[in-house]
Amino acid sequence: MTSPIRTQRHDDVLVVISDNPPVNALGQAVRAGLKDAIEEAIGDDAVKAVVIRCDGRTFFAGADITEFGKPPVGPSLPETLDAMEASDKPVIAAIHGTALGGGCEVALACHYRVAVPSAKLGLPEVKLGLIPGAAGTQRLPRLVGAEAALPLVVGGNPIPAKKAKAIGLLDELVGEDSLEADAIAFARSKIGQPVPRASEGNANEDGVRDPDLFDRFRASQARRIRGFDAPNAAIEAVKAAGELPYAEGVQKERELFMKLMSGTQSAAMRHYFFAERAANKIDDVPKDTPLIPIKKVGVIGAGTMGGGIAMNFLSAGIPVTILEMAQDALDRGAGVMRKNYENTAKKGRMTAEQVEQAMGLLTPTLSYGDLADCDLVIEAVYENMDVKKEVFAKLDGVVKQGAILASNTSYLDVDEIATATKRPGYVVGMHFFSPANIMKLLEVVRGKETRHDVLATVMKLSKTIGKVAAVSGVCPGFIGNRMLSKRQEQANELIMEGANYWEVDDVLLEFGFPMGPFQMGDLAGIDIGWHRDPTKVTTIREALCAKERFGQKNGKGFYDYDEARNRTPSDEVKAIIADFAAKEGREQREISKDEIRERLLYPMVNEGAKILEEGMAQRASDIDVVWINGYGWPLYTGGPMFWADTIGLDTVVAGLERHGLPVSEFLREKAETGKRFNQ
1430 MTSPIRTQRH DDVLVVISDN PPVNALGQAV RAGLKDAIEE AIGDDAVKAV VIRCDGRTFF
1490 AGADITEFGK PPVGPSLPET LDAMEASDKP VIAAIHGTAL GGGCEVALAC HYRVAVPSAK
1550 LGLPEVKLGL IPGAAGTQRL PRLVGAEAAL PLVVGGNPIP AKKAKAIGLL DELVGEDSLE
1610 ADAIAFARSK IGQPVPRASE GNANEDGVRD PDLFDRFRAS QARRIRGFDA PNAAIEAVKA
1670 AGELPYAEGV QKERELFMKL MSGTQSAAMR HYFFAERAAN KIDDVPKDTP LIPIKKVGVI
1730 GAGTMGGGIA MNFLSAGIPV TILEMAQDAL DRGAGVMRKN YENTAKKGRM TAEQVEQAMG
1790 LLTPTLSYGD LADCDLVIEA VYENMDVKKE VFAKLDGVVK QGAILASNTS YLDVDEIATA
1850 TKRPGYVVGM HFFSPANIMK LLEVVRGKET RHDVLATVMK LSKTIGKVAA VSGVCPGFIG
1910 NRMLSKRQEQ ANELIMEGAN YWEVDDVLLE FGFPMGPFQM GDLAGIDIGW HRDPTKVTTI
1970 REALCAKERF GQKNGKGFYD YDEARNRTPS DEVKAIIADF AAKEGREQRE ISKDEIRERL
2030 LYPMVNEGAK ILEEGMAQRA SDIDVVWING YGWPLYTGGP MFWADTIGLD TVVAGLERHG
2090 LPVSEFLREK AETGKRFNQ
């Protein structure tokens, strides 16, 4: 096999080139080739300096994660990097594209780093539940200081070349189209000078002089890193760079890395990494299916949901025609969209020019006729089958043939909606989550007649508008809401049996959810779907509405809220629940946190098993993608199905039986045969 590493002599400079598509991952052959090339340079008196660069679209973009979990084959990345840094001849990293993870560590082990202005550098290992494992946490703070290193190592987001130069991670920005020539010229300017080694740097003394720096940083990130092991390990590793000699710091990094690598969180986050990519693949849709060009999108409804949906397309540069029934509703919707964009601009995430650009692509209308030339129309009207069918019948008569007609329904039967048209093959569900311009998940609902090209187009389009998409079959509530309803059933049962509603919420908060079911009800509004008759009270929700407890919007729902929206349990609500339980003759008892957690989460896993058995989801990992992106399931557990695999399917079955809850045959069979959902 030819090595992915080759060398070229430019007089006294040896250029080492990696050609390992698609992202020059640092697999075994690349590591070995780099080490051999450095040895070649050191052993040749005619070579005075070395430049390392990559062919293709990027510098080394990280480790080869297909090697994760397999027996290591040398040389290891740390060995290779130590050999590079040990050279007395200057070694220069010439960076384009992205230098991520192991790629950034390669750059750190070089004596100098130059990059094109469009390059990005970063250490994203925390996103896989890990920390850098080839001395990145030790070299980086010594080079740029602990304060500059912490956001890179703990946050995991890459930084642009200009910022990398400002913090001292890069030595020079070079021409976008002259990287190799400029890097060679830079290398020649360093010949004969003592080489600076990042491992010998002292910039990390800022953390020694100001040891509170680490606690301040941890506090500033508290909300973002809650429950995650890797960010805390990353802070510890960067701190160690100031407290320990380099060799001991590297040893500390290795210990922290190995502990994370063998833990459940990293396994869960690596599972999710692959799950998100797998969700894009539809088993029976050929890869080369021709896509339908989407140059113009129509949205029906300019309310919260319709406006949010439209913003996704406007932000991606796709023109949108938005339809409403009345001028005031149309004006209000367009005004809210503009305000949302302006708020984003205030936070520095958009320029005023980009706001005008996005809004300039919007055409508000009151006429269905203006949707005629759209390539895709998404309906975001009231969740009622008759209303939806009426809208689709109108669209079918107006919108050009070959265009896709999509429903944003969260629950209704997409196949029945399609019967209102003469083109059921072009009908699909696109279930956005609120707020639609922010939430990442898009449930793509495949009707029984949805064409391959329609499905493939929508999946590709989801990426264009920055969504994570997963395909669901047609069933009540699809994947996410179908499972959510099982959790809600148990939450309602638990409070009737004696569990306090705030305990139910707290159990889910402790598990890692951003909020519990009763908090969620207060946020959404308890009066959604209420019949508005205070004398008709048949449920706890109706009783709360009768007392004008509508949720956060008016300061009281299940909880009482202060002006800062901090919640406290309500005695009035507790009395309402007790009254309902007494009327139904429900005996009250103490319920443990373990029982609450099991009864909320195990039925969801069971429903997920039924979804798989019915073929409503292609794979268990798609269910995990839905729940992590749409419902706040904690990423570090890998999603409901992976979490069930982790604790053992037999544990789930035993728990369901203990609480007298149904067990699907599919789940029971897997548990009895020792199988997992995610094989």
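Here the sequence shown is numbered in the numbering used here, starting from 1430 and rising by one per residue. The beta carbon of each residue, even a glycine, is placed where N, CA and C say it ideally should be. Everything numeric in this text was worked out from a predicted model, so none of it was measured.
Item to complete: List the residues that DSSP assigns as beta-bridge partners of Pro1660.
Response: On the sequence shown, position 231 is the one that residue 1660 refers to. Beta-bridge pairing by DSSP links Pro1660 to no other residue.
Discussion item. Using the Cβ count rule (16 or more neighbours within 10 Å means buried), how would you classify Lys2109?
Written reply: With the chain covering 1430 to 2108 only, the question about residue 2109 has no answer from this structure.
Discussion item. If the criterion is Cβ atoms closer than 8 Å, does the pair Ile2040 and Ile2057 meet it?
Written reply: As a working mapping, residue 2040 is identified with position 611 in the sequence shown. As a working mapping, residue 2057 is identified with position 628 in the sequence shown. Contact: no.
Practice prompt. Assign Asn1453 to one of two classes, buried (16 or more other C-beta atoms within 10 Å of its C-beta) or exposed (fewer than that).
Written response: The residue given as residue 1453 occupies position 24 in the sequence shown. By the 10 Å Cβ count, Asn1453 comes out buried.
Discussion item. Taking the alpha-carbon of Tyr1930 as reference, which of Asp1717, Ile1908, Glu2019 has the nearest alpha-carbon?
Written reply: Residue numbering aside, residue 1930 sits at position 501 when the sequence shown is read from its first letter. Of the candidates Asp1717, Ile1908, Glu2019, Glu2019 places its Cα closest to the Cα of Tyr1930.
Discussion item. Taking CB distances under 8 Å as the criterion, tell me whether Ala1832 reaches chain C.
Written reply: Although the question refers to chain C, the structure presented lacks it and comprises just one protein chain.
Discussion item. Per the DSSP calculation, Arg2026 is bridged to which residue(s)?
Written reply: For the purposes of this step, residue 2026 is taken as residue 597 along the sequence shown, with counting starting at 1. According to DSSP, which records beta bridges pairwise, Arg2026 is partnered with nothing at all.
Fill in: CB of Leu1800 within 8 Å of CB of Gly1727, strictly
For this step, residue 1800 is matched to residue 371 along the sequence shown. For this step, residue 1727 is matched to residue 298 along the sequence shown. Gly1727 is positioned such that its CB atom lies closer than 8 Å to that of Leu1800.
Fill in: Sequence-distant residues of the same chain with beta carbon closer than 6 Å to Ile1620, five excluded per side
For the purposes of this step, residue 1620 is taken as residue 191 along the sequence shown, with counting starting at 1. Excluding sequence positions up to five before and after Ile1620, its CB lies within less than 6 Å of the CB of Lys1477, Ala1478, all in the same chain and listed in chain order.
Worksheet item: Out of curiosity, what's the CA-to-CA distance linking Lys1592 and Gly1764?
Response: The count along the sequence shown starts at 1 and reaches residue 1592 at position 163. The count along the sequence shown starts at 1 and reaches residue 1764 at position 335. Just so you know, the alpha carbons of Lys1592 and Gly1764 end up roughly 35 Å apart.
Worksheet item: Quick one: complete alpha helix (DSSP H) runs, 4+ long, within the segment 1585-1627?
Response: You should have 1590-1596, 1608-1619.
Practice prompt. Following the continuous beta strand (DSSP E) through His1860, name the residue where it begins and the one where it ends.
Written response: By one-based count along the sequence shown, residue 1860 stands at place 431. Judged by DSSP secondary structure, His1860 falls within the beta strand (DSSP E) whose first and last residues are 1856-1861.
Discussion item. If you follow the alpha helix (DSSP H) that Gln1680 is in, where does it begin and where does it stop?
Written reply: In the sequence shown, the residue the question calls residue 1680 occupies position 251. Element bounds for Gln1680: 1675-1690.
Fill in: Outcome for Gln1694 when other beta-carbon atoms lying within 10 angstroms are tallied against a minimum of 16
Walking along the sequence shown from the start, residue 1694 turns up at place 265. With a threshold of 16 other beta carbon atoms within 10 Å, Gln1694 meets it and is buried.
Worksheet entry | Under the three-state DSSP convention, the category Gln1756 falls into | What you label residue 1756 is simply residue 327 of the sequence shown in a count that begins at 1. The answer is helix: DSSP assigns Gln1756 an H, G or I state.
Item to complete: Measure the CB-CB distance between Ile1664 and Phe1686 and report whether it falls below 8 Å.
Response: Numbered from 1 along the sequence shown, position 235 holds the residue referred to as residue 1664. Numbered from 1 along the sequence shown, position 257 holds the residue referred to as residue 1686. Taking 8 Å as the Cβ cut-off, Ile1664 and Phe1686 do not qualify as a contacting pair.
Discussion item. Below 8 Å on the Cβ atoms is my contact criterion, and I expect Ala1632 with Val1543 to pass it. Report the Cβ-Cβ distance as a whole number of Å.
Written reply: Position 203 of the sequence shown, counted from the start, is the residue given in the question as residue 1632. Position 114 of the sequence shown, counted from the start, is the residue given in the question as residue 1543. About 19 Å; that fails the 8 Å criterion.
Discussion item. Between Leu1689 and Leu1559, how many whole angstroms is the CB-CB distance? I'm expecting something under 8 Å.
Written reply: Position 260 of the sequence shown, counting from 1, holds the residue named residue 1689. Position 130 of the sequence shown, counting from 1, holds the residue named residue 1559. With 8 Å as the limit, Leu1689 and Leu1559 qualify as a contact, their Cβ atoms being about 5 Å apart.
Worksheet entry | Same chain only: Cβ atoms within 6 Å of Glu2070, ignoring 5 sequence neighbours per side | Within the sequence shown, residue 2070 is the residue found at index 641, counting from 1. Inspection of the sequence shows that residue 2070 is occupied by Met rather than by Glu. Setting aside the 5 residues that flank it on each side, Met2070 is surrounded in the same chain by Gly2037, Ala2049, Ile2052, Asp2053, Phe2106, each with a C-beta closer than 6 Å to its C-beta; the list follows chain order.
Practice prompt. Please confirm whether Pro1748 and Val1667 have their CB atoms less than 8 Å apart.
Written response: Reading the sequence shown from its first residue, position 319 is the one you call residue 1748. Reading the sequence shown from its first residue, position 238 is the one you call residue 1667. The answer is no: Cβ separation not under 8 Å.
Fill in: Rounded separation between Glu1872 and Ser1901 - CA only
Mapped onto the sequence shown, residue 1872 falls at position 443. Mapped onto the sequence shown, residue 1901 falls at position 472. Straight-line Cα distance between these residues: approximately 7 Å.
Worksheet item: When burial is assigned at 16 or more other CB atoms within 10 Å of the CB, is Ser1691 buried or exposed?
Response: Position 262 of the sequence shown, counting from 1, holds the residue named residue 1691. Within 10 angstroms of the beta-carbon of Ser1691 lie fewer than 16 other beta-carbons, which makes it exposed.
Fill in: Start-to-end residues for the alpha helix (DSSP H) that takes in Pro1570
In the sequence shown, counting from the first residue as 1, residue 1570 sits at position 141. Pro1570 -> alpha helix (DSSP H) spans 1565-1573.
Worksheet entry | Same chain, Cβ closer than 7 Å to Gly1678, neighbours up to 5 away in sequence not counted | On the sequence shown, position 249 is the one that residue 1678 refers to. Gln1567, Ala1669, Ala1670.
Item to complete: Locate the beta strand (DSSP E) running through Gln1917, then write down its first and last residues.
Response: The residue labelled residue 1917 in the question sits at position 488 within the sequence shown. Going by DSSP, Gln1917 is part of no beta strand (DSSP E) but of the alpha helix (DSSP H) stretching over 1909-1926.
Discussion item. Is it the case that the segment 1819-1836 contacts the segment 1744-1763, given that we only count it when at least three CB pairs across the two stretches are under 8 Å?
Written reply: Note that the segment 1744-1763 does not touch the segment 1819-1836; fewer than 3 beta-carbon pairs, one per stretch, sit closer than 8 Å.
Fill in: Collapsed DSSP secondary structure at Leu1872 in the structure displayed
Against the sequence shown, residue 1872 aligns to sequence position 443. In the sequence on display, residue 1872 carries Glu and not Leu. DSSP places Glu1872 in strand when its eight states are reduced to three.
Worksheet item: How would you call Glu1682, buried or exposed, if buried means at least 16 neighbouring beta carbons within 10 angstroms?
Response: Taking the sequence shown and counting its residues from 1, the one referred to as residue 1682 is at position 253. The C-beta of Glu1682 has 16 or more other C-beta atoms within 10 Å across all chains shown, which makes the residue buried.
Worksheet entry | Cβ pair Ala1774, Leu1805 closer than 8 Å | Start at 1 with the first residue of the sequence shown, and residue 1774 comes out as number 345. Start at 1 with the first residue of the sequence shown, and residue 1805 comes out as number 376. Against a cut-off of 8 Å, the Cβ pair of Leu1805 and Ala1774 comes out as no contact.
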